[in-house]
Structure formats: C-alpha cells, structure tokens
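Student:
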Amino acid sequence: MTLVGNDLIQAANFLKGGEIVAIPTETVYGLGGNALDENAVLKIFEAKNRPFFDPLILHTHSVKELSKFTKEIHPKLLALLEQFSPGPLTVLLPKKEIVPDLVTAGLEQVAVRIPNHELTLQLLQMLDFPLAAPSANPFGYVSPTSAQHVFDQLNGKLSYILDGGECQVGIESTIVGMEANEVVVYRLGGLALEQIESVVGKVRVQINQSSNPKSPGMLKSHYAPLKQLVVGNLEELMQEYADQNFGVISFFEKTLVPHQIILSEKKDIHEAAKNLFAAMRTLDKTSVDLILAERLPDKGLGRAINDRLERATSKD
Ligand code: TXA
Ligand code: MG
C-alpha cells in the first residue's frame, strides 16, 4: 500500500533510504528516486515497466547545482535555463561521471530540469542528491496530473505519493539540446516554442524520429489512453463515426454527445493543456469505444497539445 500525503520529511526519508516517491511538478507527476543510486533508479524502471533504453530526467533545485552533474553549458542553453527555470524546460547537457549510465541509457548527455513546484523544490533542497524522475505512469500510458492518477495506476509500487495538488501546466516539459551550435527541440511541451525563440532565435524542431530516436520517449506510442483515439476536425469526425459509440474531447465547443469533455470553455490554451490528460483518463473509464478529439490551433501550447493527441492515436 502506497502512502499519500504532503509530509516533506516523510518523503525525504523514503528517498534517503533508497525508496521511490511520486513528486508533484508543474507539468506532470514524476516518479522520483536518488539519481546517483543505481538501485533506486532500477526501482523506478521496474515500477513503471519502462525499458532501459529510455533515459530519465535529473531534477534539481537550482541552475547553480547543475555543475555537480554536468560539464560545460553552452551559452544559449544557459540563457534558456536562466530565463525559464524553475519551469517546464528540460535541457540536454554533457554529463559528469557521477551520473550513472542507467539514468542516461548510456548516452553522453543527461537531461536536467528544475521543476516549478513549491513542495518539490523544498524537497530537493532537503536532499543531498538530485532526483531521477520520469512521469509517474506505467510505460506507454498518459502522464498523471494529480496524486489520484498516480495512486490509481501505481499503488503498491512506490513508497509515498507527495500530494501537491493538480499540475498547473499539465503536459510534460519541453526538451532542448544543442547540435552544431544550433538549439534543437526534441520534445514539444509546457514551454512554448515562441518563448524559447524569443531568447535564442530560430530553433530546429526535431520530433517524431522513428529509428534510433535521440529522445526515446518520443516513440510514437507514448501518451496513449486505452481507448482508440482519432484526431481531426470534430464535425467531420462525428459524421464519419456516427454509427459508433464515441466520446468527444473538444477545445471549447459544446456538442450533444453524452460523453464529452471541453478542455477550456474560455478558449484558454493553458487551461486546455492542463485538462488534456485528465480528459483522456476520464473517457477511458466510460463505456465509449472510441475517443474523437479536435485539433487545436497550431501555436503556443497548441502545438504540444496536438503532438500529444497525435501520439495518443498510435498503438505501435
Ligand atoms: O515534465 C517532465 O519532463 C516530466 C516531469 C516529471 O519532470 N518528466 C517526464 O519524464 O516527462 P519522462 O521520462 O516521461 O520523459 C523524459 C524523456 C525521455 O523519454 C527521453 O525522451 C528524454 O526525456 N530524455 C531523457 N534523458 C535523455 C537523454 N540523456 N538524451 C535524450 N533524451 C533524453
Ligand atoms: Mg513519460
């Protein structure tokens, strides 16, 4: 039985003892363990049923801490870190020896992030090690945005869930790195492309690699609900699937479908992102056979939302 609460000391004690604990962040809940302790990291992979080729993000409480785990930081990446940390940004940096290969799946670079959540920042300050933390969901399923989501799927597989309420951003961090002096975005996420480009200029977006992905979490089948999901123009989809028992995820429009979730009645893209994964979970629990989801405008967080919807359509 996994304990749930907001006791930082209890959470810290479990982590110091090499156990794993779910931590709230502004993006999604993470499944954290001592990143410098291979046994703790192994427990994370085991609890999630995650393949070892999929590396983990190292979480710490300040940009200053990063030099303990990483070598030189390219000035452009440093500028991003300084501008957007703590926040929904993950940066790939050359790792130091101290970071176990298990964390990076043998890669030379480690993904690092400073999450913007009060409880978790306090927790990280209480520890003398960083936390390796993937999203706290079974491999391949939608990420959790509440303590309840974590409990529903991982109860018994971790020691403690630090309940920090509902995640305020709701989709995973944006992952960036450096290739040949150019900033590359490997995963669209909670920090919009426009914001990144406002600091470092035009970037290259390199998502959806199928073979030997640089960011293995970008395998197509990630983030999928159990029900089949189809993305497109809602009106057209509803006609096409008229003879089926479907539920609907819309941006702001109301339909007459009984199982319908509106992501943001006030057409706010941030609110939509925040509600996206919970919407998929809710419809998964209903009797519908199929989920029809509307594409959002392709700008700001809309891009990351569309990316997650597209991935959720895939079962391979
Ligand atoms: O918002 C987030 O990033 C959340 C919260 C908990 O911080 N974490 C998260 O972790 O989404 P996860 O494990 O579900 O996705 C992290 C992805 C990996 O699947 C992989 O694609 C990429 O980050 N990644 C991690 N380390 C990497 C590395 N060394 N090189 C390339 N990609 C890496
Ligand atoms: Mg994940």
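Take the sequence shown: its position 44, counting from 1, is numbered 49 in the numbering used here, and each next residue is one higher.
Where is the CB? At the ideal position from N, CA and C, for every residue including glycine.
As the structure is a prediction and not an experimental result, all values here were calculated from the model.
(1) Ligand 1 and tyrosine 34: does any heavy atom of the ligand fall closer than 8 Å to the residue's C-beta?
(2) Assign serine 134 to buried or exposed, taking buried as 16 or more other Cβ atoms, counted over all protein chains shown, within 10 Å of its Cβ.
(3) Looking at proline 120 and ligand 2, is the gap between the Cβ and the nearest heavy atom below 8 Å?
(4) Which of the three DSSP states is assigned to aspartate 13 in this structure?
(5) Can you list the alpha helix (DSSP H) stretches of 4 or more residues lying completely in the segment 222–297, in chain order?
(6) On the CB-based measure, 16 or more other CB atoms within 10 Å of its CB, does arginine 322 come out buried or exposed?
(7) Using only the alpha-carbon positions, how far apart do alanine 277 and lysine 73 sit?
(8) CB of glutamate 315 to nearest heavy atom of ligand 2: below 8 Å?
(9) Going by DSSP in three states, methionine 183 sits in which element: helix, strand or coil?
(10) Taking only heavy atoms of ligand 1 into account, decide whether any of them is closer than 8 Å to the Cβ of glutamate 177.
(11) Under a Cβ-count criterion, where at least 16 other Cβ atoms within 10 Å of its own Cβ denotes burial, should alanine 313 be classed as buried or exposed?
(12) Provide the residue span of the alpha helix (DSSP H) that contains asparagine 39, from first to last.
(13) Does DSSP put serine 319 in a helix, in a strand, or in coil?
(14) Label arginine 55 either buried or exposed according to how many other C-beta atoms from any shown protein chain fall within 10 Å of its C-beta, with 16 as the threshold for buried.
(15) What does DSSP give as the partner residues of alanine 116 in its beta bridges?
(16) Which stretch, first to last residue, makes up the alpha helix (DSSP H) that contains valine 205?
Tutor: With the structure as the only source:
(1) yes
(2) For clarity, residue 134 is phenylalanine in the given sequence; the question names serine instead. So phenylalanine 134 ends up on the buried side.
(3) no
(4) In the sequence under discussion, the amino acid at residue 13 is leucine, which differs from the aspartate named in the question. Helix.
(5) 239–245, 274–289
(6) Since the displayed the chain opens at 6 and closes at 321, residue 322 lies outside it and no answer follows.
(7) 37 Å
(8) no
(9) strand
(10) yes
(11) Before going further, note that residue 313 is arginine rather than alanine in the sequence given. Arginine 313 is buried by the Cβ-count criterion.
(12) It is not in any alpha helix (DSSP H) - asparagine 39 instead sits in the beta strand (DSSP E) that spans 35–39.
(13) coil
(14) buried
(15) Ile62, Leu97
(16) 198–205
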